[in-house]
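Visitor: This is the structure, below, for whatever I ask next.
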Amino acid sequence: MGIADDDIARVRSATVLSDIVAPHVQLRRTGRSQVGLCPFHGERTPSFNVNDETGRYMCFGCGAKGDVFNFIQQIEHLDFVGAVERLASRAGIELRYTSGGDQGERKRRKELHALVEKAVDWYHERLLEGPDSRAARDYLRARGLAGDVARSFRLGWAPDDWDQLCRALDAPSGLLTEAGLGFVNKAGRLQDFFRARVLFPIFDDKGAPVAFGGRILPGSSDPAKYKNSTETPIYTKSRTLYGLNWAKGDIVRQDRVIVCEGYTDVIGFHRSGLATAVATCGTALTEDHVRLLKRFAKNVVLAFDADAAGQGAAERFYAWERKHDVSVAVAQFPDGRDPGDLAVSDPGSLATAVDEAMPFLGFRLKRLFAATPLRSPEARARAAQKAMVLVNEHPDVNVRLLYAGEVATTTGVSAAELSRVAERGGSGPVVVAAPVPQAPEGAGFIAIALLIHRWDEIAPWLIEELFVDDAARSAFRALAECEGDVHAALARVEGEAADIVERAAVCDADADPQVEAKVLIGAAVRRELGRSRPGDDIDRIQQDRRIRIALEDLSKVDRASGAAVELLQWLASRAAEVA
Numbered sequence: 000m001g002i003a004d005d006d007i008a009r010v011r012s013a014t015v016l017s018d019i020v021a022p023h024v025q026l027r028r029t030g031r032s033q034v035g036l037c038p039f040h041g042e043r044t045p046s047f048n049v050n051d052e053t054g055r056y057m058c059f060g061c062g063a064k065g066d067v068f069n070f071i072q073q074i075e076h077l078d079f080v081g082a083v084e085r086l087a088s089r090a091g092i093e094l095r096y097t098s099g100g101d102q103g104e105r106k107r108r109k110e111l112h113a114l115v116e117k118a119v120d121w122y123h124e125r126l127l128e129g130p131d132s133r134a135a136r137d138y139l140r141a142r143g144l145a146g147d148v149a150r151s152f153r154l155g156w157a158p159d160d161w162d163q164l165c166r167a168l169d170a171p172s173g174l175l176t177e178a179g180l181g182f183v184n185k186a187g188r189l190q191d192f193f194r195a196r197v198l199f200p201i202f203d204d205k206g207a208p209v210a211f212g213g214r215i216l217p218g219s220s221d222p223a224k225y226k227n228s229t230e231t232p233i234y235t236k237s238r239t240l241y242g243l244n245w246a247k248g249d250i251v252r253q254d255r256v257i258v259c260e261g262y263t264d265v266i267g268f269h270r271s272g273l274a275t276a277v278a279t280c281g282t283a284l285t286e287d288h289v290r291l292l293k294r295f296a297k298n299v300v301l302a303f304d305a306d307a308a309g310q311g312a313a314e315r316f317y318a319w320e321r322k323h324d325v326s327v328a329v330a331q332f333p334d335g336r337d338p339g340d341l342a343v344s345d346p347g348s349l350a351t352a353v354d355e356a357m358p359f360l361g362f363r364l365k366r367l368f369a370a371t372p373l374r375s376p377e378a379r380a381r382a383a384q385k386a387m388v389l390v391n392e393h394p395d396v397n398v399r400l401l402y403a404g405e406v407a408t409t410t411g412v413s414a415a416e417l418s419r420v421a422e423r424g425g426s427g428p429v430v431v432a433a434p435v436p437q438a439p440e441g442a443g444f445i446a447i448a449l450l451i452h453r454w455d456e457i458a459p460w461l462i463e464e465l466f467v468d469d470a471a472r473s474a475f476r477a478l479a480e481c482e483g484d485v486h487a488a489l490a491r492v493e494g495e496a497a498d499i500v501e502r503a504a505v506c507d508a509d510a511d512p513q514v515e516a517k518v519l520i521g522a523a524v525r526r527e528l529g530r531s532r533p534g535d536d537i538d539r540i541q542q543d544r545r546i547r548i549a550l551e552d553l554s555k556v557d558r559a560s561g562a563a564v565e566l567l568q569w570l571a572s573r574a575a576e577v578a
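Numbering-wise (numbering that gives the first Met the number 0), the sequence shown opens with residue 0 and increments by one.
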């Protein structure tokens with residue numbers, strides 16, 4: 000689903016970046032920019048720069064950068080469309096979407112959300128007040144899920160009846176079935192999807208209701224203990240995490256998320272003061288889940304039997320760690336008990352288990368050694384062999400070598416031999432993240448900054464041949480083609496060139512445009528003259544003499560403008576000859 004480009008531009012122009020940043024950062028003005036402590040990493044010296052003229056921000060500490068949409072995406076963990084919608088609502092701008100189909104789809108999704116919201120309210124009221132829900136309330140009370148807990152998580156009760164919900168909502172049958180609330184049975188009759196179950200409403204990360212998870216009561220004859228809503232236009236299981244709507248603020252603050260298997264586990268963690276817990280909705284943890292969680296935290300703690308899926312799970316976890324820059328650890332609970340049960344009987348053990356969570360490979364090795372007798376040399380050798388099979392599944396050779404040392408210590412097998420095994424089994428070494436490159440302070444960078452902030456004063460004095468390196472040339476070309484429009488230019492460049500534009504957009508550009516241009520012109524002319532050779536023809540030699548005279552005139556106030564024009568034309572012609 001896209002938003003019309005004109006509307007995106009309207010929202011951007013109607014929004015002052017510092018007004019959006021100010022609730023999150025205490026800003027003070029310095030020159031053309033405002034600075035403050037970066038909201039995206041801890042720092043004591045302000046390095047977060049905001050420039051309202053260009054509508055860009057950049058942190059020279061951690062490298063965070065972008066426009067007002069990027070800021071909202073990062074600070075509120077929204078996607079791009081969500082960020083535009085948030086700012087459009089603030090500015091009172093009605094958005095148009097890229098096609099009539101998108102408009103219709105959006106309207107339909109709103110209808111589905113509204114209908115599921117009504118169902119959440121109806122089921123919740125039925126649990127709290129319904130005469131037929133006493134057994135459900137007793138069950139929840141026994142598990143510590145009644146009263147305020149039931150209200151906080153909006154738990155519900157689906158009565159043991161055919162169609163009470165569908166009749167109560169009084170919505171078109173097509174909408175009810177599309178929302179996953181009902182279905183047409185073999186008799187052609189509209190029937191409620193859930194029946195005689197305690198319900199756990201599921202919300203998306205923005206807090207909109209999308210689905211339900213249902214559990215039978217003890218003693219029920221229904222063979223399916225758990226039942227989840229079918230997937231709908233507003234609910235995809237592999238991209239939805241139960242509890243994320245409540246947990247995301249704490250997840251961001253703690254940079255840690257706890258992933259559980261069940262809804263009651265999530266509630267148990269929250270009741271125990273660990274409000275960063277979420278759960279998958281009847282599926283295994285997927286890469287889409289990890290991609291979603293990466294928006295909020297880099298540290299993932301698995302609060303379930305992560306080793307049960309074996310090598311396949313290991314390969315997925317290691318791949319996710321490398322691809323999404325996350326760290327996966329595993330929490331172990333006393334006697335293998337469920338977090339939901341521990342929340343009632345021993346809530347302190349939950350915090351201990353999470354704090355002592357181990358990296359996935361370390362967890363697997365600990366479990367292996369706990370289950371393997373090490374009484375004889377043969378047993379220790381076999382244990383070392385099994386352990387190295389696990390170690391060599393890890394893609395990072397340095398991690399393998401470190402764990403090989405631990406295996407050697409535990410089993411008594413030669414560390415040197417195990418290290419050779421580890422070296423054979425892996426890929427390459429750890430790639431250390433490169434530091435944020437510092438802004439170039441030369442005339443080329445300053446000229447690019449002036450091109451953004453004072454286009455009319457410097458643009459006539461600049462051509463591509465004045466810039467030495469490829470990144471600066473690319474940055475100049477993009478800005479020249481877009482007449483200094485930062486946002487349009489950034490859409491044309493990437494990598495180092497984009498970084499130059501981003502840095503230039505937030506720096507103070509108080510230098511004299513003509514002085515900076517003359518410095519660039521003079522340097523470029525000297526470089527080009529340095530390429531002249533004794534064998535050049537007479538015309539070239541005479542031309543070079545004239546250029547040297549013009550170069551001297553460049554420093555004279557009364558002749559500088561004419562000299563600059565001549566020198567720029569000469570540089571362009573020399574570049575054309577080479578091309």
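Note that CB positions come from ideal geometry on N, CA and C, so glycine has one too.
(1) Does DSSP classify Phe202 as helix, strand or coil?
(2) With a 10 Å radius around its C-beta and 16 neighbouring C-beta atoms as the bar for buried, classify Glu515 as buried or exposed.
(3) State buried or exposed for Ala141, treating a residue as buried only when at least 16 other CB atoms are found within 10 Å of its CB.
(4) Less than 9 Å separating the beta-carbons of Ala474 and Ala496?
(5) Hey, His452 and Glu52 are a contact pair by Cβ (cut 8 Å); roughly how many whole angstroms apart?
(6) Can you find a heavy atom of the ligand PLP that lies under 8 Å from the Cβ of Asp66?
(7) Among Ala503, Glu482, Arg476, which residue has its Cα nearest to the Cα of Val492?
(8) Do the segment 378–387 and the segment 406–414 meet, that is, are 3 or more Cβ pairs less than 8 Å apart?
(9) Helix, strand or coil for Val430 per DSSP?
(10) State yes or no: is the C-beta of Ala246 within less than 9 Å of the C-beta of Ala274?
(11) Would you mind reading off the limits of the alpha helix (DSSP H) that contains Arg419?
(12) Could you check the C-alpha separation between Ser348 and Trp161 for me, to the nearest Å?
(13) When DSSP labels each residue in this structure, what does Ala477 get in the three-state scheme?
(14) Since Ala522 is in the beta strand (DSSP E), which residue starts that stretch and which ends it?
(15) So, are the CB atoms of Phe70 and Leu16 less than 9 Å apart?
(16) Taking only three categories from DSSP, how would you classify Pro171?
(17) For the alpha helix (DSSP H) holding Pro346, just list the boundary residues, first then last.
(18) According to DSSP, is Ala563 part of a helix, a strand, or is it coil?
(19) At what residue ranges does the segment 78–127 contain a whole run of the alpha helix (DSSP H), taking only runs of 4 or more?
(20) Compute the distance between the beta-carbons of Ile7 and Val83, then report whether it is under 9 Å.
(21) Assuming Gln73 and Ala87 form a contact by the criterion Cβ under 8 Å, report the distance between their Cβ atoms to the nearest whole angstrom.
(22) Three or more C-beta pairs under 8 Å: does that hold for the segment 23–39 against the segment 104–119?
(23) With a 10 Å radius around its C-beta and 16 neighbouring C-beta atoms as the bar for buried, classify Arg502 as buried or exposed.
(24) So what does Leu389 bridge to, in DSSP terms?
(25) Using C-beta distances below 6 Å, list every residue in its chain close to Lys226, excluding the 5 sequence neighbours before and after it, in chain order.
(26) In the DSSP assignment, what are the bridge partners of Thr279?
(27) If the criterion is Cβ atoms closer than 9 Å, does the pair Leu243 and Leu284 meet it?
(28) Please state if the CB of Asp204 and the CB of His323 are separated by a distance shorter than 9 Å.
(29) Could you check the C-alpha separation between Val390 and Glu355 for me, to the nearest Å?
(30) Is DSSP giving Asp66 helix, strand or coil here?
(31) With a threshold of 7 Å on Cβ separation, who are the neighbours of Pro200 within its own chain once the five nearest residues in sequence on each side are excluded?
(32) Count the other CB atoms within 10 Å of the CB of Thr263; is the residue buried (16 or more) or exposed (fewer)?
(33) Nearest-angstrom Cα distance between Thr44 and Ala178?
(34) With H, G and I counted as helix, E and B as strand and the rest as coil, what does DSSP make of Arg133?
(35) Lys117 to Ser151, Cα distance in whole Å?
(36) From Ala508, Lys517, Ser554, Ala574, pick the residue whose C-alpha is nearest to that of Arg530; which is it?
Guide: So, to answer that:
(1) Mapped onto the sequence shown, residue 202 falls at position 203. Note: Phe202 maps to strand in three-state DSSP.
(2) Indexing the sequence shown from 1 puts residue 515 at position 516. Classification of Glu515: buried, given that the 10 Å Cβ count is 16 or more.
(3) Position 142 of the sequence shown holds residue 141. Looking at its Cβ environment, which holds fewer than 16 other Cβ atoms inside 10 Å, Ala141 is exposed.
(4) For the purposes of this step, residue 474 is identified with residue 475 of the sequence shown, where counting begins at 1. For the purposes of this step, residue 496 is identified with residue 497 of the sequence shown, where counting begins at 1. It is a contact, given that the beta carbons lie within the stated cut-off.
(5) The residue labelled residue 452 in the question sits at position 453 within the sequence shown. The residue labelled residue 52 in the question sits at position 53 within the sequence shown. So it is a contact: roughly 6 Å between Cβ atoms.
(6) This structure simply doesn't include the ligand PLP, nor any ligand for that matter.
(7) Numbered from its first residue, the sequence shown carries residue 492 at position 493. Considering only Ala503, Glu482, Arg476, the residue with the shortest C-alpha distance to Val492 is Arg476.
(8) Touching, per the Cβ criterion.
(9) Locating residue 430 in the sequence shown gives position 431, where the first residue counts as 1. Reliability fails at Val430, whose pLDDT of 26 lies under 50, so the model's placement of it is uncertain and the value that follows must be treated cautiously. Coil, per DSSP.
(10) As a position in the sequence shown, residue 246 is number 247, starting the count at 1. As a position in the sequence shown, residue 274 is number 275, starting the count at 1. Closer than 9 Å, so yes.
(11) Translated into the one-based positions of the sequence shown, residue 419 becomes position 420. Following the DSSP letters along the chain, one finds Arg419 inside the alpha helix (DSSP H) bounded by residues 414–423.
(12) For the purposes of this step, residue 348 is taken as residue 349 along the sequence shown, with counting starting at 1. For the purposes of this step, residue 161 is taken as residue 162 along the sequence shown, with counting starting at 1. Here the C-alpha atom of Ser348 lies approximately 43 Å from the C-alpha atom of Trp161.
(13) Counted from its first residue, the sequence shown places residue 477 at position 478. The answer is helix: DSSP assigns Ala477 an H, G or I state.
(14) Reading the sequence shown from its first residue, position 523 is the one you call residue 522. Premise fails: Ala522 lies in the alpha helix (DSSP H), 512–528, not in any beta strand (DSSP E).
(15) Taking the first residue of the sequence shown as position 1, residue 70 is located at position 71. Taking the first residue of the sequence shown as position 1, residue 16 is located at position 17. For Phe70 and Leu16, yes; Cβs fall inside 9 Å.
(16) For the purposes of this step, residue 171 is taken as residue 172 along the sequence shown, with counting starting at 1. In this structure, DSSP gives Pro171 a state outside helix and strand, which the three-state scheme calls coil.
(17) Working through the sequence shown from its first residue, we reach residue 346 at position 347. 346–354 is the extent of the alpha helix (DSSP H) around Pro346.
(18) Translated into the one-based positions of the sequence shown, residue 563 becomes position 564. Secondary structure at Ala563: helix, using DSSP grouped into helix, strand and coil.
(19) Under the rule that a run must span 4 or more residues, the alpha helix (DSSP H) segments found entirely inside the segment 78–127 read 79–90.
(20) Walking along the sequence shown from the start, residue 7 turns up at place 8. Walking along the sequence shown from the start, residue 83 turns up at place 84. Pairing Ile7 with Val83 gives a Cβ-Cβ distance under 9 Å.
(21) If you number the sequence shown from 1, residue 73 lands on position 74. If you number the sequence shown from 1, residue 87 lands on position 88. A Cβ-Cβ separation of about 18 Å leaves Gln73 out of contact with Ala87 under the 8 Å criterion.
(22) Because the criterion of three Cβ pairs below 8 Å is not met, the segment 23–39 and the segment 104–119 do not touch.
(23) The sequence position of residue 502 within the sequence shown is 503, counting from 1. Residue environment for Arg502: buried (at least 16 other C-beta atoms within 10 angstroms of its C-beta).
(24) Taking the sequence shown and counting its residues from 1, one reaches residue 389 at position 390. Under DSSP, Leu389 takes part in no beta bridge, so it has no partner.
(25) Here residue 226 refers to the residue found at position 227 of the sequence shown. Around Lys226: Gly213.
(26) Position 280 of the sequence shown, counted from the first residue, corresponds to residue 279. Answer is Leu240.
(27) Here residue 243 corresponds to residue number 244 of the sequence shown, with the count starting at 1. Here residue 284 corresponds to residue number 285 of the sequence shown, with the count starting at 1. Cβ distance not < 9 Å, so Leu243 and Leu284 don't count as in contact.
(28) Taking the sequence shown and counting its residues from 1, the one referred to as residue 323 is at position 324. Taking the sequence shown and counting its residues from 1, the one referred to as residue 204 is at position 205. For His323 and Asp204, no; Cβs fall outside 9 Å.
(29) Counting from one through the sequence shown, the residue named residue 390 turns up at place 391. Counting from one through the sequence shown, the residue named residue 355 turns up at place 356. About 21 Å.
(30) As a working note, residue 66 is residue 67 in the sequence shown. Under the three-state reduction of DSSP, Asp66 is assigned to coil, being neither helix nor strand.
(31) Taking the first residue of the sequence shown as position 1, residue 200 is located at position 201. Closer than 7 Å at Cβ, skipping near neighbours: Val119, Arg153, Gly155, Pro208, Phe211.
(32) Walking along the sequence shown from the start, residue 263 turns up at place 264. Here Thr263 is buried, its C-beta having at least 16 other C-beta atoms within 10 Å.
(33) Along the sequence shown, read from residue 1 onward, the residue named residue 44 stands at position 45. Along the sequence shown, read from residue 1 onward, the residue named residue 178 stands at position 179. Straight-line Cα distance between these residues: approximately 51 Å.
(34) Against the sequence shown, residue 133 aligns to sequence position 134. Assignment of Arg133 by DSSP, reduced to helix, strand and coil, places it in the helix class.
(35) Counted from its first residue, the sequence shown places residue 117 at position 118. Counted from its first residue, the sequence shown places residue 151 at position 152. So the alpha carbons of these two residues sit roughly 17 Å apart.
(36) If you number the sequence shown from 1, residue 530 lands on position 531. Nearest of Ala508, Lys517, Ser554, Ala574 to Arg530, Cα basis: Ala574.
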